[in-house]
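From first to last, the protein sequence lines are chains A and B.
Mapping the first sequence onto full-length UniProt numbering, position 201 (from 1) lands on 201, and the numbers just tick up by one.
Mapping the second sequence onto full-length UniProt numbering, position 109 (from 1) lands on 109, and the numbers just tick up by one.
All C-beta atoms, glycine included, are put in the ideal place defined by N, C-alpha and C.
Note that the coordinates shown come from a computational prediction; the quantities given were computed from them, not determined experimentally.
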Amino acid sequence: MKSLERVPDVLPSSIPIPSSVITVTSYLWFYMQRGFMNIPGAQYVVDYVAKSHQDDPYRTMIEIALIIYGIIYYLNKPRKQGEQIQPPLSLKEEELLIAEWQPEELVVQDERQNWRLGKVPVLAQEDDLGLYFTVERENGGEKYTGVLNMASNDFLHLSRKPEVVEVVEQTIRNYGVGSCGPAGFYGNQDVHYNLEYKLARFFGTENAVLYGQDFCVASSVVPAFTKRGDVIVADDQVSVSMQNALQLSRSTVYYFKHNDMKSLEDLLEELDQRERADCLPAIPRKFIVTEGLFHSSGDLAPLPQLVELKVRYRYRLIVDETNSIGVLGATGRGLAEHFKMERDNSIDITIGSLAYSLGSSGGFALGDNIMSQHQRIGSNAYCFSASLPPYTCAAALKVLKSMDEDNSAVRALHAVTKPLHTFFSNDRELRKFVVVTSNEHSAVLHLQLTMALRARLFGSTNKSVFDELSQLHARSLTNKYVEAWEQEELFLQSIVDRALQSKVLITRNAIALKHEALPIVPNLKICVNASISREQLLSACKIIKSAVLECCIAATTIAL
Amino acid sequence: MSSVSNTRVPLIAPEEISLEDKKENEFGQLTSVEFLVAPKSRGGAPLRDPILDAPPYYVSVITYLNYLILIILGHIHDFFGLKFPKDKHSEIMERDGYAPWFSKFESFFVRRMKKRIDDCFSRPTTGVPGRFIRCVDRVAHQLNDFFTYPGSTSMCLNLSSYNYLGFAQSEGQCTDAALEAVHKYGIYSNGPRAQTGTIDLHLEAEQYIATFIGKPDVIIFSMGYGCNANLFSSFLDSKCLVISDELNHTSIRTGVRLSGAAVRKFKHNDMKALEQLIREQIVQGQPKSHRPWKKILICVEGLYSMEGTMCNLPKLVELKNRYKCYLFVDEAHSIGAIGPRGRGVCDYFGIDPSEVDILMGTLTKSFGAAGGYIGADKWIVERLRLDLTTNNYAEPSPAPVLAQIISSLRTITGEICPGQGQERLQRIAFNSRYLRLALQRLGFIVYGIADSPVIPMLLYAPSKMPAFSRMMLQRKIAVVVVAYPATPLDESRVRFCVSAALIKEDIDYLLRHVNEVGEKLFLKVSSGKAGGSMDGKPPRWDIEEVIKQTPKDCKDDKYFLI
Numbered sequence: 001m002k003s004l005e006r007v008p009d010v011l012p013s014s015i016p017i018p019s020s021v022i023t024v025t026s027y028l029w030f031y032m033q034r035g036f037m038n039i040p041g042a043q044y045v046v047d048y049v050a051k052s053h054q055d056d057p058y059r060t061m062i063e064i065a066l067i068i069y070g071i072i073y074y075l076n077k078p079r080k081q082g083e084q085i086q087p088p089l090s091l092k093e094e095e096l097l098i099a100e101w102q103p104e105e106l107v108v109q110d111e112r113q114n115w116r117l118g119k120v121p122v123l124a125q126e127d128d129l130g131l132y133f134t135v136e137r138e139n140g141g142e143k144y145t146g147v148l149n150m151a152s153n154d155f156l157h158l159s160r161k162p163e164v165v166e167v168v169e170q171t172i173r174n175y176g177v178g179s180c181g182p183a184g185f186y187g188n189q190d191v192h193y194n195l196e197y198k199l200a201r202f203f204g205t206e207n208a209v210l211y212g213q214d215f216c217v218a219s220s221v222v223p224a225f226t227k228r229g230d231v232i233v234a235d236d237q238v239s240v241s242m243q244n245a246l247q248l249s250r251s252t253v254y255y256f257k258h259n260d261m262k263s264l265e266d267l268l269e270e271l272d273q274r275e276r277a278d279c280l281p282a283i284p285r286k287f288i289v290t291e292g293l294f295h296s297s298g299d300l301a302p303l304p305q306l307v308e309l310k311v312r313y314r315y316r317l318i319v320d321e322t323n324s325i326g327v328l329g330a331t332g333r334g335l336a337e338h339f340k341m342e343r344d345n346s347i348d349i350t351i352g353s354l355a356y357s358l359g360s361s362g363g364f365a366l367g368d369n370i371m372s373q374h375q376r377i378g379s380n381a382y383c384f385s386a387s388l389p390p391y392t393c394a395a396a397l398k399v400l401k402s403m404d405e406d407n408s409a410v411r412a413l414h415a416v417t418k419p420l421h422t423f424f425s426n427d428r429e430l431r432k433f434v435v436v437t438s439n440e441h442s443a444v445l446h447l448q449l450t451m452a453l454r455a456r457l458f459g460s461t462n463k464s465v466f467d468e469l470s471q472l473h474a475r476s477l478t479n480k481y482v483e484a485w486e487q488e489e490l491f492l493q494s495i496v497d498r499a500l501q502s503k504v505l506i507t508r509n510a511i512a513l514k515h516e517a518l519p520i521v522p523n524l525k526i527c528v529n530a531s532i533s534r535e536q537l538l539s540a541c542k543i544i545k546s547a548v549l550e551c552c553i554a555a556t557t558i559a560l
Numbered sequence: 001m002s003s004v005s006n007t008r009v010p011l012i013a014p015e016e017i018s019l020e021d022k023k024e025n026e027f028g029q030l031t032s033v034e035f036l037v038a039p040k041s042r043g044g045a046p047l048r049d050p051i052l053d054a055p056p057y058y059v060s061v062i063t064y065l066n067y068l069i070l071i072i073l074g075h076i077h078d079f080f081g082l083k084f085p086k087d088k089h090s091e092i093m094e095r096d097g098y099a100p101w102f103s104k105f106e107s108f109f110v111r112r113m114k115k116r117i118d119d120c121f122s123r124p125t126t127g128v129p130g131r132f133i134r135c136v137d138r139v140a141h142q143l144n145d146f147f148t149y150p151g152s153t154s155m156c157l158n159l160s161s162y163n164y165l166g167f168a169q170s171e172g173q174c175t176d177a178a179l180e181a182v183h184k185y186g187i188y189s190n191g192p193r194a195q196t197g198t199i200d201l202h203l204e205a206e207q208y209i210a211t212f213i214g215k216p217d218v219i220i221f222s223m224g225y226g227c228n229a230n231l232f233s234s235f236l237d238s239k240c241l242v243i244s245d246e247l248n249h250t251s252i253r254t255g256v257r258l259s260g261a262a263v264r265k266f267k268h269n270d271m272k273a274l275e276q277l278i279r280e281q282i283v284q285g286q287p288k289s290h291r292p293w294k295k296i297l298i299c300v301e302g303l304y305s306m307e308g309t310m311c312n313l314p315k316l317v318e319l320k321n322r323y324k325c326y327l328f329v330d331e332a333h334s335i336g337a338i339g340p341r342g343r344g345v346c347d348y349f350g351i352d353p354s355e356v357d358i359l360m361g362t363l364t365k366s367f368g369a370a371g372g373y374i375g376a377d378k379w380i381v382e383r384l385r386l387d388l389t390t391n392n393y394a395e396p397s398p399a400p401v402l403a404q405i406i407s408s409l410r411t412i413t414g415e416i417c418p419g420q421g422q423e424r425l426q427r428i429a430f431n432s433r434y435l436r437l438a439l440q441r442l443g444f445i446v447y448g449i450a451d452s453p454v455i456p457m458l459l460y461a462p463s464k465m466p467a468f469s470r471m472m473l474q475r476k477i478a479v480v481v482v483a484y485p486a487t488p489l490d491e492s493r494v495r496f497c498v499s500a501a502l503i504k505e506d507i508d509y510l511l512r513h514v515n516e517v518g519e520k521l522f523l524k525v526s527s528g529k530a531g532g533s534m535d536g537k538p539p540r541w542d543i544e545e546v547i548k549q550t551p552k553d554c555k556d557d558k559y560f561l562i
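This is how it looks when you write it as structure tokens:
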């Protein structure tokens with residue numbers, strides 16, 4: 001009983017605790033408490049704990065348990081759900097795996113496609129008008145002189161005028177060739193700003209932004225405004241540059257049937273219903289994307305209906321007018337002028353090229369001030385790329401001024417586009433083999449083989465080629481080779497070759513099939529320009545016609 | 001919001017000066033052969049691990065405080081601004097059922113911070129961006145809401161343009177060639193290269209570039225950004241891996257994103273981290289399926305335009321060969337500017353160009369032209385010609401630009417105007433080394449390697465950026481200031497782009513003013529461990545001493561740490 005006198009009576013007597021432990025613990029507790037109370041504000045903590053313990057003793061216990069759990073949780077390594085712990089590989093095993101790995105070649109060679117390389121023509125202008133060219137192919141192996149160029153994208157021939165050449169010369173003499181810097185860092189010069197001003201004025205928009213290359217404009221402008229959750233409704237025949245834009249946009253993309261306004265309206269209605277049902281906290285940005293004159297078919301977009309729908313459903317309209325600027329409208333102001341509408345309140349973003357009708361180089365985007373200003377901060381191809389060479393801007397500026405003054409070049413172009421279209425679409429013999437897909441106002445005539453002929457010669461339809469390609473994509477095969485497509489392209493090339501032998505240059509529409517995410521048909525392009533006379537046009541058309549007929553008849557007789 | 005009508009920049013008439021003066025303004029005559037350095041090759045030696053100088057602790061604190069104040073003020077501004085003068089903020093409000101073009105949150109940085117210093121960016125210029133650049137004067141109104149232009153110009157010393165070899169000229173062999181091309185070929189293009197856009201100048205230029213960079217074949221494009229942004233999608237897909245330096249240019253990132261390939265980043269120039277990553281990726285393969293990658297492409301830049309650092313090519317080639325990866329080097333800034341013969345990183349390190357699978361570069365910077373190129377083995381380039389979207393759908397390079405490329409390349413190789421190319425290469429080497437060592441000796445923190453013509457000088461606090469830019473403009477010096485998002489948040493900097501067109505006296509002028517402004521803005525904070533000091537003490541040389549000693553010293557490698 002003697003020991004009990006020293007031990008406090010709260011402890012059961014059955015547990016013998018050495019007095020030294022008790023003493024040490026008591027001292028520790030005493031000093032820790034005193035030390036803790038020296039921390040400013042500690043009194044409040046102690047009071048709070050004491051009070052809450054008094055009110056509800058269980059709460060203290062739960063809180064302590066929570067704190068301990070928190071510490072354990074914090075110290076634990078995060079592990080994904082379902083992740084298995086694998087034994088680490090030894091260095092030897094790693095080396096073996098590394099030695100085993102055999103990568104694919106950087107690119108896969110395929111001899112079957114290389115014929116295209118030799119068929120790329122090298123052009124040299126012969127006359128001052130720029131109609132006749134010397135054409136070399138196959139590394140100089142073939143040479144044709146006095147060839148009429150019916151494959152040029154310079155439709156208006158305005159940048160060849162002496163006054164424009166003079167401006168170019170002066171600009172190079174005063175500015176040099178390159179601009180040596182991006183727009184943000186001293187790269188944009190007075191000529192750039194003046195061209196932007198002129199472009200905006202010419203097309204009747206608030207502002208314009210210049211880009212270094214036409215192909216990059218769409219894929220840079222669209223992603224600058226779209227984020228996850230935004231909605232894009234696109235025509236299902238837009239060109240590769242727009243397809244790239246859609247891929248980079250991060251938004252949800254829907255397609256409507258090519259130029260089918262009923263399909264578009266249904267889609268918009270459905271999306272509208274869905275949006276209402278979702279009750280989103282903020283309205284998403286919504287865009288309709290199409291082209292003025294389509295790159296792959298030459299079709300014309302029905303702007304009035306598009307505008308009506310976009311206003312009704314509160315969408316913004318993006319139109320790629322690369323092919324239509326300078327071609328459509330009495331003064332070459334493009335799609336809006338063609339339908340007698342104002343660009344400012346119909347199209348929200350217009351994408352155009354300086355390298356087509358305007359005969360210079362570069363691209364541009366037109367639209368309102370707020371949108372343009374944001375491009376100058378958020379559009380990659382504008383911010384991270386050098387400005388255009390100043391002389392290209394000065395040339396385009398001069399061309400626009402001359403288009404302002406008189407529209408004779410546009411009128412001259414219009415005078416040949418219709419006859420070209422009538423010649424090919426009204427011809428009975430040709431109708432058996434080819435169809436014209438382009439609009440009568442387009443300066444580029446697109447010829448496709450008829451469905452029947454394609455089925456007979458190559459056993460292909462639009463769908464079969466696309467399906468085969470999609471399968472190659474799905475299986476991630478690096479070399480994407482579609483036999484039927486290749487045969488059809490070769491056949492079209494034979495028509496081009498035949499025409500070239502008769503001194504008329506036309507071209508296959510250059511298509512890199514592996515980049516096409518939408519169904520496409522190989523086609524021939526016949527381009528006209530403002531300098532060509534009616535007689536020259538008619539004789540060229542006849543040559544092309546006989547080339548088409550010869551090749552098609554020869555192929556069908558063999559096929560029989 | 002500024003609109004096109006009130007930001008109309010006047011077209012400035014060219015100056016009426018004599019041809020001699022004009023030439024001198026574009027490309028200064030060398031004053032003494034003392035001021036040349038023959039750049040050397042490293043003979044295959046890899047770079048040392050970089051040493052980064054850090055500022056004293058308080059500088060970082062001030063920088064963050066500076067941002068904090070700006071952010072708080074911006075939010076206060078937003079809070080009241082969006083309630084009272086609503087019409088001023090219509091661009092970020094929903095209107096009439098339309099979502100705004102950009103949201104309030106994502107545009108905060110631009111509206112409340114960048115806009116305050118907008119007068120330091122996008123300064124319009126006119127004339128040749130050579131040794132001097134003519135800036136069009138402008139007056140900012142309502143906190144940079146819009147600018148007006150009185151019509152006058154200021155001639156500034158040019159440290160802003162990418163004119164490394166001084167080919168931005170409007171006199172001389174290159175201009176003559178360009179003018180001749182205008183007459184012979186015109187400025188129009190017939191269509192994409194694969195269609196009807198090719199002329200003999202394309203083939204000639206490709207031939208010259210191929211010989212210059214030491215690759216069997218080359219393909220050229222009309223835009224450098226577009227070249228990268230559309231390259232990768234033609235040979236990479238989701239089963240391929242791209243291992244990318246964290247500081248790679250946006251064009252590479254966009255291009256890789258378009259291709260759908262998987263991307264892993266490694267710390268800038270950290271070769272150990274890179275090796276670790278490659279090993280891990282080969283062993284582990286694709287995520288989820290663990291199948292091996294089809295191919296692994298390492299993407300780096302030759303010279304990093306924001307850091308002045310170079311890729312460690314010898315090490316990269318060693319890793320690439322050991323692990324069977326492919327190597328892509330973007331020589332946008334290094335081609336022409338670096339190496340004993342100006343042929344880029346391979347030349348500089350003394351490595352055979354065939355060791356690098358794809359060499360990409362731009363023609364805008366050193367050659368005074370525009371566009372980009374891709375060099376590789378013949379069969380690779382041939383396949384790319386078939387597959388690249390840029391080759392099939394985009395406009396080709398115009399004739400005058402091609403003529404400029406050809407003539408500037410021939411000047412560098414000494415085929416025309418013998419001696420001139422050599423002089424340009426030696427001048428840029430001297431100018432870069434002189435300016436770098438002098439700034440280090442004055443006590444500034446400078447990033448990058450000795451021979452880099454891009455010299456970033458650290459400012460740290462964001463408010464010092466506009467201060468520096470404006471004070472330099474007052475002293476008639478055009479500089480570029482960069483900040484977040486192009487750099488890390490706390491490392492705002494000014495970037496000097498050195499050119500062969502500058503003479504030693506121009507750099508002296510620059511140094512005196514940078515010294516003065518640097519004192520005022522409290523920018524001399526280096527510790528000397530990254531260069532400029534031989535005894536380990538923070539270097540704080542006197543300006544006169546620097547100008548006297550450095551031109552001699554800068555030729556000696558021992559004063560540089562990397």
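In the three-state reduction of the DSSP assignment, B:Ile133 falls in the strand class.
Within chain B, the residues Glu91, Trp101, Phe102, Ser107 and Val110 have their CB atoms less than 9 Å from the CB of A:His374, given in chain order.
With fewer than 16 other beta carbons inside 10 angstroms of its own, A:Pro281 counts as exposed. Non-local C-beta neighbours of A:Ala412 in its own chain, meaning closer than 8 Å and more than five positions away in sequence, comprise Ala530 and Ser531, ordered along the chain.
Following the DSSP letters along the chain, one finds B:Thr389 inside the alpha helix (DSSP H) bounded by residues Thr389 to Tyr393. Straight-line measurement puts the Cα of B:Leu502 at about 25 Å from the Cα of B:Ala467. Counting only Cβ-Cβ distances below 7 Å, A:Arg285 has contacts in chain B at Ala99, in chain order.
Interface criterion not met: the Cβ of A:Arg274 is under 9 Å from no Cβ in chain B. In the three-state reduction of the DSSP assignment, A:Tyr481 falls in the coil class. Annotation: B:Ser527 to B:Phe84 spans about 50 Å, alpha carbon to alpha carbon. In the three-state reduction of the DSSP assignment, A:Glu291 falls in the strand class, which pools E and B. Interface criterion not met: the Cβ of B:Asn144 is under 9 Å from no Cβ in chain A.
Straight through space, the alpha carbons of B:Val329 and B:Ile278 are spaced by roughly 17 Å. For B:Ala501, no alpha helix (DSSP H) encloses it, and the DSSP letter there is neither H nor E. Closest in alpha carbon position to B:Ala54, among B:Ser103, B:Asn25 and B:Leu459, is B:Leu459. Distance from the CA of B:Ser452 to the CA of B:Val356, rounded to the nearest whole angstrom, comes to 21 Å. Under the 9 Å criterion on CB atoms, A:Thr392 is classed as interfacial with respect to chain B.
By the Cβ criterion, the segment 227 to 244 of chain B is in contact with the segment 381 to 398 of chain B, since at least three pairs of Cβ atoms, one from each stretch, lie closer than 8 Å. Residue-level contact by beta carbon fails for B:Gly342 and chain A, as no gap is shorter than 9 Å. Identification of residues in the segment 165 to 193 of chain B having a C-beta nearer than 9 Å to some C-beta of chain A yields Phe167, Ala168, Gln169, Ser170, Glu171, Cys174, Thr175, Ala178, Leu179, Val182, His183, Lys184, Tyr185, Gly186, Ile187, Tyr188, Ser189, Asn190, Gly191, Pro192 and Arg193, given in sequence order.
One Cα belongs to A:Ser353, the other to B:Ala205, and the distance between them is close to 24 Å.
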